[in-house]
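Working notes, beginning with the structure itself.
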Amino acid sequence: QAILAQAISGQVVSAQTHHSRSSLDLLQNLDFIMGVIKISDQAAFDKALEDAGDKVVLVDFTAVWCGPCQAIKPKIHELADQDADIVVLEVDVDQAEALAATYKITAMPTFKVFKNKEEKGAVVGGNMEKVMALVTSHK
1 QAILAQAISG
11 QVVSAQTHHS
21 RSSLDLLQNL
31 DFIMGVIKIS
41 DQAAFDKALE
51 DAGDKVVLVD
61 FTAVWCGPCQ
71 AIKPKIHELA
81 DQDADIVVLE
91 VDVDQAEALA
101 ATYKITAMPT
111 FKVFKNKEEK
121 GAVVGGNMEK
131 VMALVTSHK
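Start counting the sequence shown at 1; every next residue gets the next number (the UniProt record's numbering).
Structural data, given as structure tokens:
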């Protein structure tokens, strides 16, 4: 929750300093932030897992240049927006190389599920049915 509050307050400050943004634009960005938490380093990752408590955490290891990552992204964001019992984290492997290396990410997208800070399973590739099966099996 603290990460979310920081992200929201950062977004509001950003929106206030860029007067060309519309209110709708700001709301869309806030929805994006509320649904999926962007993670940039190990400390933020550890805090997000801690804050999640006993909720299922779905981690999307992604890259902006990855076609399959971009194709599945709207479905992952929809899941984050619709299911309050799931915490969705997004890790850009190019911005968080050490974190990607720690979790041995060699292909994108890779989805990992955690519960109570323990890794429970992974899906490599953009197959939403497999991602949902993994998430559901740990709820």
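Backbone N, C-alpha and C fix where the C-beta goes; we use that ideal spot for every residue, glycine too. All values derive from a computational prediction rather than experimental measurement.
Beta-bridge partners assigned by DSSP to Leu58: Val88 and Val113.
Between the C-alpha atoms of Asp54 and Phe114 there is a straight-line separation of about 9 Å. Taking the Cα positions, Lys38 is about 22 Å away from Lys130. Closest in C-alpha terms to Ala52, from the list Phe61, Val87 and Ile72, comes Val87. Ile76 sits in a helix when the DSSP states are folded into three classes. The three-state secondary structure of Val124, taken from DSSP, is strand.
A Cβ-Cβ distance of about 6 Å is found for the pair Ala96 and Asp41, placing them in contact under the 8 Å criterion.
Per DSSP, Lys38 is one residue of the beta strand (DSSP E) stretching across Val36 to Ile39.
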